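Comments concern the structure below.
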Amino acid sequence: MPRSFRRTVPLVALALSSTLARPGGSQPIDGGARSTAERSGAAEPAQGAPGGASAPRSTIAAPGPHRVDSGRARAQLEKLTTDVHRWGGRVGVLAIDVASGATLAAFDERGLYNPASNAKLFTAAAALRLLGPSYRYLTGLYGEASNGAVAELVLRGSGDPSLRTRDLWEMARALRATGVRKVAAIAVDQGYFDARYVPPAFEQQPEEWAAFRAPVAAASLNANAVLFTVRPSKPGEAASIAIDPPGVTVLRGKVVTATRGTPEKIGIRLEPSGQRLVVHLSGSIPEGSRAVSVARRVDDPRLVAAHALREMLREVGVEVSGEVRLGGERQKRLLVAHRSAPLGELLAALGKDSDNFYAETIFKTIAAERRGRPGTAEAAAELVGETLRELGASQDGVFLRNGSGLFDAARASPEATVRLLRAALLDPALGADFIAQLAIGGVDGTLRGRFRAWSKERAIRAKTGTLASVASLSGYIFPPAGRSPIAFAVMASDVPGKIDPARKAIDAFVEALADELWKGARSP
């Protein structure tokens, strides 16, 4: 596989030394022509550049004002690319100096890859730009109250991904505090989003019941997942099952309490049944063991919050005589309101925790707010694309179908991703909130167990991405005083069964760049 190392004019505080030069030098990330194959957005070949272009070449740039020894960084880039290709996969890499845009390291940087959860970077940037960090979601109870009674209580959501059981309890108590004692019926208005509550590409794994694949609705509760907590009792007796939220499941079967030392074997099988879920329980839990909690997604989210609200109203002393239904769009009288935390805080669920539900809900919110209700994934994708163009981070063939990057729903390149990272960091309106939502190496989120040697400096802040055959990492390396940050993106694909070694190779390369940036500035 041919490789070369090219020189870049020393414009910035950091660059990596090299003795091999590419004829004609290299361009900062803001410029540079693309080949016909790259512009075409052709499907990914198994190896090499998109569209059958020549094999990519790895690049390490020349020294800048702070001269460094690039030996380790070059070696780690070489190892990363060699290993991924040996495993039959592809890898794209780009690292730049943020201040100037000068390239520090590159390999197939314009190739198109499934970015996995690195797609959440695009969603987060568009949300901050189009909604603003102070944006808050409103969930309300609406209706006409007369003599302590409401004929139809309407629960209306605006897409709050953070609404939890405790919030609905507070709303139920607040309604009772207004003097309401009877509710004839409950309607839930889901009109803020369209009726397609399964995000694009989620249909690729329809039998996956894990909570990470939860559907999306304008009025959602507990991220549209049900938490089952199983606690043992006495041997031979049924274990206790606590369910959160209440009112949405019908239980069948039981989990038996076994004698101490018996292996734990709990079966929870879900079966859709109209607007509720039938839960088939089986297996056993040993006496004296800790409680076991299992989260499973709901199948149809549209009435989950309304069923839970009915149970909570009854618990606080409000009589509910009728059933729940969809509707209530015309009701405008607000009785009780709950507002979420600011969007700037909610985004930590995307960057730090890689929460798919939050990402998909915020994705649709962008569309509902900017294009009008009902918000759709298609409109959101268009708006995110427009944002990328405005930030100078667009590229032919780059697209998002959903907001999370889950399954096969997106294509991105290291170059487009790094352009976004640079633009966001340099934009005073975006930078602080965009950085704050990222995981910190060795400290929190999905990077808590990675880059532990850098936890003191809190220098590596990035977004992880993992699928069955994809490992990606994109973010920043923040410098000591007097030097410029590095923005980087690494995307490896087609490496099933090699995710862990691929991740370690990516980390080794990023740590080598960090060592170069911090050379002479770290305390022992």
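Position one of the sequence shown corresponds to residue 252 (my numbering), numbered consecutively onward. Positions of the beta carbon are idealized from the N, C-alpha and C atoms, including for glycine. All values reported here derive from a predicted model rather than from experimental measurement.
Span of the alpha helix (DSSP H), counted from its first residue to its last, around residue i
i, result
"P730", "Careful: P730 lies outside any alpha helix (DSSP H) and carries neither H nor E."
"A753", "I750 to L768"
"A493", "Here A493 belongs to no alpha helix (DSSP H); instead the beta strand (DSSP E) covers S491 to D495."
"T510", "No alpha helix (DSSP H) holds T510; DSSP gives it neither H nor E."
Three-state class that DSSP yields for residue i in the structure shown
i, result
"Y388", "coil"
"V694", "coil"
"P261", "For P261, the pLDDT reaches just 27, beneath the cut-off of 50, and the residue's location in the model is therefore unreliable, leaving the point undetermined."
"I280", "In this prediction, I280 scores a pLDDT of 37, lower than 50, which makes its location untrustworthy; no coordinate-derived value is stated."
"K516", "strand"
"S535", "strand"
"T627", "coil"
"G636", "helix"
"L328", "helix"
"S286", "Model confidence at S286 stands at a pLDDT of 31, short of 50, so the residue's coordinates are unreliable and nothing is read from them."
"V530", "strand"
"Q298", "The pLDDT assigned to Q298 is 30, lower than 50, so where the model puts this residue is not dependable; a value taken from the coordinates is nonetheless given after this. It is coil, neither helix nor strand."
"F650", "strand"
"D551", "coil"
"A293", "Since pLDDT at A293 reaches only 30, below the 50 mark, its modelled position is unreliable, and no value is offered."
"L382", "coil"
"E522", "strand"
"Y560", "The residue you asked about is not Tyr; residue 560 is Leu in the sequence shown. Reduced to three states, the DSSP call for L560 is helix."
"L363", "coil"
"S540", "coil"
"L724", "strand"
"G771", "coil"
"S397", "strand"
"A667", "helix"
"R323", "helix"
"A619", "helix"
"A377", "helix"
"R734", "coil"
Cβ-Cβ separation, residue j to residue i (assumed contact under 8 Å), whole Å
i, j, result
"R415", "N473", "6 Å"
"G399", "R424", "With a Cβ gap of about 15 Å, G399 and R424 do not count as contacting."
"A557", "V575", "4 Å"
"D604", "T697", "7 Å"
"L594", "G394", "L594 to G394, Cβ: 28 Å. No contact."
"P412", "G716", "Actually they are not in contact, since the Cβ atoms of P412 and G716 sit about 20 Å apart, beyond 8 Å."
"Q441", "F658", "Their Cβ separation, rounded to whole angstroms, is 24 Å, which puts Q441 and F658 out of contact at 8 Å."
Continuous beta strand (DSSP E) stretch holding residue i: start and end
i, result
"S439", "A small fix is needed here, since residue 439 is Val in this sequence, not Ser. Here the beta strand (DSSP E) through V439 covers K433 to D440."
"L354", "Note on identity: in this sequence residue 354 is Thr, with Leu being the wrong assignment. Start and end: T354 to F358."
"G504", "T500 to G504"
"V545", "V543 to R548"
"F739", "I737 to S744"
"L404", "A400 to R407"
"L345", "R341 to D348"
Contact set for residue i: own chain, Cβ-Cβ below 6 Å, skip 5 residues either direction
i, result
"L598", "A375 and Q688"
"P279", "Low confidence applies to P279: its pLDDT is 38, below 50, so where it sits in the model is not reliable, and the reading given next is rough at best. Excluding sequence neighbours, P279 sits near G352 and A353."
"A396", "V431"
"H589", "T390, D418 and M422"
"G275", "Caution is warranted here: a pLDDT of 30 is assigned to G275, below 50, making its placement in the model unreliable, and the coordinate value is therefore given only provisionally. Same-chain partners within the cutoff: there are none."
"A738", "I347, V349, V669, L672, R673 and Y727"
"R380", "T638"
"A610", "K371, T374, L601, G654 and S655"
"E666", "L345, E360 and R361"
"F650", "R662"
"A402", "A435"
Neighbourhood of residue i by C-beta, 8 Å cutoff - its chain only, sequence neighbours within 5 removed
i, result
"P537", "P483, T508, A509, T510, R511, G512, T513, P514 and E515"
"T429", "A396, L586 and V587"
"A461", "A546, R547 and R548"
"V506", "V481, A489, A490, I492, I517, G518, L532, S533, G534, S535 and I536"
"R503", "V529, V530, H531 and L532"
Cβ-based neighbour list, residue i, same chain, cut-off 7 Å, excluding 5 preceding and 5 following
i, result
"A248", "In this structure the chain extends from 252 to 775, so residue 248 is not present and cannot be described."
"K707", "none"
"A756", "K330, L331 and D334"
"A765", "W705, A710, I711 and I728"
"D678", "none"
"P731", "W769 and A772"
"D606", "A600"
"G498", "H558, A559, R561 and E562"
"A377", "I617, L634, V635 and T638"
Contact test: residue i Cβ vs the ligand GTP heavy atom, cutoff 7 Å
i, result
"L381", "What this structure holds is no ligand at all, so the ligand GTP is not there to describe."
Quick check for students: name the residue ranges of the alpha helix (DSSP H) that lie wholly in the stretch 563 to 614, counting only runs of 4 or more. 594 to 597 and 599 to 602
Report the residue ranges of all beta strand (DSSP E) runs contained in full by the stretch 670 to 722; include only those spanning at least 3 residues, in chain order. 711 to 718
Could you tell me which uninterrupted beta strand (DSSP E) segments, each at least 3 residues in length, are contained entirely in the stretch 411 to 486, listed from first to last along the chain? 433 to 440 and 476 to 482
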